[in-house]
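Visitor: No gaps in the numbering here: position 442 of the sequence shown is 447 in this note's numbering, and each next residue is one more. We put the beta carbon where it would ideally sit given N, CA and C, even for glycine. Values in this document were obtained by computation on a predicted structure and should not be read as measured data. Have a look at this one before I ask anything.
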Amino acid sequence: MSRSSANSAYMPHANARSDAAYTDIGAAVCALASALFGLPLAFLKVFDGDALVTLAVHGFPDIDALDHFAFIERKLIPGVSLLVEDATHDSRFFLESAVLRSPNLRFYVDMPLVYEGRVMGVLGLCDPQAGLDFDDRKLVLLEQFAHVVATLIALAKGAEARDGMLDELQSQQSRMDSAADMTGLGYWKIDLESRAVTWSKGLYTLFGLSPETYTPDVASQLDIYRPEDSGLLIDSFQRAVNSGEDFDVEVRIVRATDKALRLMRVKGGVDYNSDGQAARLCAVVRDITPELPAQEAFLNEVTEDLRAPLKDIVSFARKLDSQGGTHPDIATYAHDLLVSAHALEGLLDAQSVDDEAVDVAEIIKELVDDFASTAQALHTRLSAHFVDFARTRARFDVMRVQQVLHHLLDNACRHTEGGVISVTASQVQAENPVTLMVDTHLHVSVRDTGTGMDEAHVKGLFKAGHKGMGLSIAQAIIDMLGGYIGVVSHLGEGTNVWFEIPMDWVEAPVTAPDVKAAPRMRTLTRQRVEDIAPAARPPAYAPTVAPKHPPVDEHYINREYLRALLADMKLEI
Numbered sequence: 006m007s008r009s010s011a012n013s014a015y016m017p018h019a020n021a022r023s024d025a026a027y028t029d030i031g032a033a034v035c036a037l038a039s040a041l042f043g044l045p046l047a048f049l050k051v052f053d054g055d056a057l058v059t060l061a062v063h064g065f066p067d068i069d070a071l072d073h074f075a076f077i078e079r080k081l082i083p084g085v086s087l088l089v090e091d092a093t094h095d096s097r098f099f100l101e102s103a104v105l106r107s108p109n110l111r112f113y114v115d116m117p118l119v120y121e122g123r124v125m126g127v128l129g130l131c132d133p134q135a136g137l138d139f140d141d142r143k144l145v146l147l148e149q150f151a152h153v154v155a156t157l158i159a160l161a162k163g164a165e166a167r168d169g170m171l172d173e174l175q176s177q178q179s180r181m182d183s184a185a186d187m188t189g190l191g192y193w194k195i196d197l198e199s200r201a202v203t204w205s206k207g208l209y210t211l212f213g214l215s216p217e218t219y220t221p222d223v224a225s226q227l228d229i230y231r232p233e234d235s236g237l238l239i240d241s242f243q244r245a246v247n248s249g250e251d252f253d254v255e256v257r258i259v260r261a262t263d264k265a266l267r268l269m270r271v272k273g274g275v276d277y278n279s280d281g282q283a284a285r286l287c288a289v290v291r292d293i294t295p296e297l298p299a300q301e302a303f304l305n306e307v308t309e310d311l312r313a314p315l316k317d318i319v320s321f322a323r324k325l326d327s328q329g330g331t332h333p334d335i336a337t338y339a340h341d342l343l344v345s346a347h348a349l350e351g352l353l354d355a356q357s358v359d360d361e362a363v364d365v366a367e368i369i370k371e372l373v374d375d376f377a378s379t380a381q382a383l384h385t386r387l388s389a390h391f392v393d394f395a396r397t398r399a400r401f402d403v404m405r406v407q408q409v410l411h412h413l414l415d416n417a418c419r420h421t422e423g424g425v426i427s428v429t430a431s432q433v434q435a436e437n438p439v440t441l442m443v444d445t446h447l448h449v450s451v452r453d454t455g456t457g458m459d460e461a462h463v464k465g466l467f468k469a470g471h472k473g474m475g476l477s478i479a480q481a482i483i484d485m486l487g488g489y490i491g492v493v494s495h496l497g498e499g500t501n502v503w504f505e506i507p508m509d510w511v512e513a514p515v516t517a518p519d520v521k522a523a524p525r526m527r528t529l530t531r532q533r534v535e536d537i538a539p540a541a542r543p544p545a546y547a548p549t550v551a552p553k554h555p556p557v558d559e560h561y562i563n564r565e566y567l568r569a570l571l572a573d574m575k576l577e578i
């Protein structure tokens with residue numbers, strides 16, 4: 006291949022990189038060298054591996070001559086140039102094709118390109134005229150010029166290497182996205198400095214969104230999750246950034262494409278920069294909804310297997326309780342057994358309706374009914390009221406709400422004798438701090454006309470370990486549900502304890518009762534034997550629920566029952 010040109014040109018070589026930066030640098034260097042030193046021909050060769058290849062030329066009519074160029078067929082040494090005043094009279098080069106034929110070179114000078122002690126190539130200048138005056142001053146200038154050229158070439162190679170790394174990273178990213186799609190995974194990252202959010206292709210698929218129609222940011226990403234779950238995510242993200250804690254949470258979304266409710270597992274943490282500062286918040290997201298049916302089937306099977314023996318236990322406990330007057334410890338054993346059995350019943354009931362909408366009013370009524378006999382024994386009037394209930398059915402953590410309300414009713418009964426206890430449930434509007442949309446919360450208050458408390462006592466109620474009402478436990482549960490709890494009390498006048506929680510309300514069935522009717526006062530009189538506390542009850546205002554699921558200590562119950570039977574037989578263990 007041959008090409009004639011009087012101008013600077015980029016010379017692609019079979020082993021050379023054809024980068025745009027090389028094109029600009031090579032052509033500019035050759036043209037500038039020709040003008041600076043007043044010589045019509047210039048070339049630039051660089052190492053590509055072990056081969057020295059032509060990068061650019063200026064003024065050469067036939068660039069093929071540079072493929073086998075005797076002038077540079079030597080070991081290039083840093084700072085050592087080659088100067089030939091007349092090649093036709095030099096025994097080393099007089100038979101060189103570029104001397105005998107076009108471009109008929111006679112004068113030649115070159116300088117190795119050296120960067121950080123390594124030879125990167127060579128810059129050469131030529132002229133068909135001989136006997137030119139190229140003194141030491143020009144050689145020093147050529148060496149300095151070659152050093153600048155070497156630096157430019159090194160920077161260009163570094164940029165090319167970075168581009169190559171970027172291409173490889175993008176290729177790996179594409180392969181990783183494909184693998185994530187196959188495994189049903191997605192991932193995201195948030196730059197903690199710029200707040201820029203990046204999603205993988207698989208995450209768009211999981212959420213039913215498209216990069217063409219949705220650009221993620223921190224706020225809108227949180228809006229994708231259910232409002233009652235976004236608070237958990239915010240708390241997890243803050244702990245990750247502030248204290249380095251990794252997170253692994255399960256949250257729900259409504260997929261955009263088909264409006265299906267999906268359960269997502271979000272697992273991640275913080276990436277740190279070289280200075281040890283939090284740089285990125287990253288997470289992997291997996292749709293675990295398909296795993297739920299198998300888990301639910303197993304739990305339902307276990308639930309059904311437990312119900313029959315549990316009924317026998319409750320029946321036996323009632324029988325023991327009826328004998329409380331003939332044996333001093335039977336009442337205590339029966340009470341412990343009933344508490345444990347009812348706790349297990351609560352767990353089973355919560356499991357069976359975990360994903361089902363239940364009637365909130367009925368749940369509250371049933372719990373108030375459970376305390377009717379206790380209130381009646383104390384000559385206290387207990388009533389329940391429902392105000393502004395547009396919808397009564399909702400999906401929520403029934404067991405936790407029952408725990409809190411049970412605790413509040415128990416406290417009210419213990420400190421109210423011959424008075425009134427009123428439970429009022431209402432629906433109130435509240436702004437969601439994440440979505441800024443108005444949600445409907447459940448507000449429940451338990452008001453009594455009992456002994457009440459002074460201001461100093463009220464201030465310490467929510468402290469962990471506080472003896473008395475133990476409201477720190479109730480507060481922990483309400484916090485977990487994303488709500489609020491408070492107390493208003495006056496010594497000698499009574500106490501009002503209230504809580505408010507977000508709810509997933511659903512439309513009531515056609516046969517649902519009309520709860521919009523004006524509330525009416527009523528006294529609940531249903532009484533069950535097992536609700537009457539024995540003589541050996543826990544201390545006043547002692548917490549009756551644990552921070553987590555109530556324990557069912559079946560071994561303790563079995564031991565005490567066996568001890569009672571042996572005692573009747575005049576035996577001891």
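#1: What separation, rounded to the nearest whole angstrom, lies between the Cα atoms of Q149 and T156?
#2: Among the candidates A56, E505, Y192 and V363, whose CA atom is the shortest distance from the CA of H448?
#3: Is the CB-CB distance between H420 and T456 below 8 Å?
#4: Thinking just about the alpha-carbon of each residue, which of I426, V119, A265 and F76 is nearest to the one in L100?
#5: Among residues of its own chain, excluding the 5 on either side of S494, which ones have a beta-carbon nearer than 6 Å to its beta-carbon?
#6: Determine the direct distance from the alpha carbon of K162 to that of V119, and round the result to whole angstroms.
#7: Use the C-beta contact count for D519: other C-beta atoms within 10 angstroms, 16 or more gives buried, fewer gives exposed.
#8: I need the DSSP call for M269, collapsed to helix, strand or coil.
#9: With distances taken from CA atoms, which of L46, V145, L227 and S215 is nearest V85?
#10: Under a Cβ-count criterion, where at least 16 other Cβ atoms within 10 Å of its own Cβ denotes burial, should K50 be classed as buried or exposed?
#11: May I have the straight-line CA-CA distance separating A201 from Q408, to the nearest angstrom?
#12: Using the rule of at least 16 other Cβ atoms within 10 Å of the residue's Cβ for burial, across every protein chain shown, is P221 buried or exposed?
#13: When the Cα atoms are used, what is the spatial distance from T454 to D509?
#14: State buried or exposed for P507, treating a residue as buried only when at least 16 other CB atoms are found within 10 Å of its CB.
#15: By the three-class DSSP mapping on this structure, what secondary structure does G274 have?
#16: Just how far apart, CA to CA, sit D393 and L387?
#17: Pairing CB atoms from the region 477–485 with CB atoms from the region 400–415, are three or more of them under 8 Å?
#18: In this structure, does DSSP put H412 in helix, strand or coil?
#19: If you run the structure through DSSP and keep just helix, strand and coil, what is N501?
#20: If you drop the 5 nearest sequence neighbours on each side, which residues of the same chain put their C-beta closer than 6 Å to that of V433?
#21: What does the Cβ neighbour count give for L160, buried or exposed, with the cut at 16 atoms within 10 Å?
#22: Which two residues bound the contiguous beta strand (DSSP E) that contains F112?
#23: With distances taken between CB atoms, is the gap from C35 to A56 smaller than 8 Å?
#24: Excluding the five sequence neighbours on either side, which residues of its own chain have a C-beta within less than 7 Å of the C-beta of G64, listed in chain order?
#25: Thinking just about the alpha-carbon of each residue, which of L130, R106 and R270 is nearest to the one in F112?
#26: Would you mind reading off the limits of the beta strand (DSSP E) that contains Y489?
#27: On the criterion of 16 or more Cβ atoms from any shown chain inside 10 Å, does E233 qualify as buried, or is it exposed?
#28: Starting from T210, trace the alpha helix (DSSP H) in both directions and tell me its first and last residue.
#29: Near P556, what residues of its chain come up, given a Cβ to Cβ distance below 6 Å and the 5 sequence neighbours on each side ignored?
#30: Taking Cβ positions, are A366 and F391 nearer each other than 8 Å?
Guide: According to the data block:
#1: Counting from 1 along the sequence shown, the entry for residue 149 is found at position 144. Counting from 1 along the sequence shown, the entry for residue 156 is found at position 151. Cα to Cα, the separation comes out at about 11 Å.
#2: As a position in the sequence shown, residue 448 is number 443, starting the count at 1. Closest by alpha carbon: E505.
#3: Reading the sequence shown from its first residue, position 415 is the one you call residue 420. Reading the sequence shown from its first residue, position 451 is the one you call residue 456. Yes; because the gap between Cβ atoms is below 8 Å, this pair is in contact.
#4: Indexing the sequence shown from 1 puts residue 100 at position 95. The residue with the shortest Cα to Cα distance from L100 is F76.
#5: One-based indexing of the sequence shown puts residue 494 at position 489. G457, M458, V463 and T500, listed in sequence order.
#6: Within the sequence shown, numbered from 1, the residue matching residue 119 stands at position 114. Within the sequence shown, numbered from 1, the residue matching residue 162 stands at position 157. Cα to Cα, the separation comes out at about 14 Å.
#7: Counting from 1 along the sequence shown, the entry for residue 519 is found at position 514. With a pLDDT of only 49 at D519, under 50, the local geometry of the prediction cannot be trusted, and no value is derived from it.
#8: To locate residue 269, count along the sequence shown from 1; it is residue 264. Here M269 sits in strand by DSSP.
#9: Taking the first residue of the sequence shown as position 1, residue 85 is located at position 80. Closest option to V85, Cα to Cα, is V145.
#10: As a working mapping, residue 50 is identified with position 45 in the sequence shown. Buried, since its Cβ has 16 or more Cβ neighbours within 10 Å.
#11: Counting from one through the sequence shown, the residue named residue 201 turns up at place 196. Counting from one through the sequence shown, the residue named residue 408 turns up at place 403. Taking the straight line from one Cα to the other gives about 42 Å.
#12: Here residue 221 is taken as the residue at index 216 of the sequence shown, counted from 1. Counting Cβ neighbours within 10 Å, P221 comes out buried, since at least 16 surround it.
#13: By 1-based counting over the sequence shown, the position of residue 454 is 449. By 1-based counting over the sequence shown, the position of residue 509 is 504. Going by the C-alpha atoms only, they are around 33 Å apart.
#14: Position 502 of the sequence shown, counting from 1, holds the residue named residue 507. Buried, because 16 or more other Cβ atoms sit within 10 Å of the Cβ of P507.
#15: Your numbering for residue 274 matches position 269 in the sequence shown. G274 falls in the strand class under three-state DSSP.
#16: Residue numbering aside, residue 393 sits at position 388 when the sequence shown is read from its first letter. Residue numbering aside, residue 387 sits at position 382 when the sequence shown is read from its first letter. In a straight line, the C-alpha of D393 is about 21 Å away from that of L387.
#17: yes
#18: Position 407 of the sequence shown, counted from the first residue, corresponds to residue 412. If DSSP states are grouped into helix, strand and coil, H412 belongs with the helices.
#19: Residue numbering aside, residue 501 sits at position 496 when the sequence shown is read from its first letter. Looking at N501 - three-state DSSP - the assignment turns out to be strand.
#20: Along the sequence shown, one-based indexing puts residue 433 at 428. Here the set comprises H446 and H448.
#21: The residue labelled residue 160 in the question sits at position 155 within the sequence shown. L160 comes out exposed.
#22: Position 107 of the sequence shown, counting from 1, holds the residue named residue 112. Here the beta strand (DSSP E) through F112 covers F112 to Y120.
#23: Counting from 1 along the sequence shown, the entry for residue 35 is found at position 30. Counting from 1 along the sequence shown, the entry for residue 56 is found at position 51. Contact flag unset, no.
#24: Translated into positions along the sequence shown, residue 64 becomes position 59. Once the five neighbours on either side are set aside, the close Cβ partners of G64 are A11, S39, P45, L46 and A47.
#25: Residue numbering aside, residue 112 sits at position 107 when the sequence shown is read from its first letter. Residue L130 is the option with its Cα nearest to F112.
#26: Residue 489 sits at position 484 when you count from the first residue of the sequence shown. It spans Y489 to H495 - the beta strand (DSSP E) in which Y489 sits, taken as one unbroken run.
#27: One-based indexing of the sequence shown puts residue 233 at position 228. Looking at its Cβ environment, which holds 16 or more other Cβ atoms inside 10 Å, E233 is buried.
#28: Within the sequence shown, numbered from 1, the residue matching residue 210 stands at position 205. That run of the alpha helix (DSSP H) goes K206 to F212.
#29: As a position in the sequence shown, residue 556 is number 551, starting the count at 1. Low confidence applies to P556: its pLDDT is 40, below 50, so where it sits in the model is not reliable, and the reading given next is rough at best. Counting only Cβ-Cβ distances below 6 Å, and skipping sequence neighbours, we find nothing.
#30: Taking the first residue of the sequence shown as 1, we reach residue 366 at position 361. Taking the first residue of the sequence shown as 1, we reach residue 391 at position 386. Cβ atoms of A366 and F391: closer than 8 Å.
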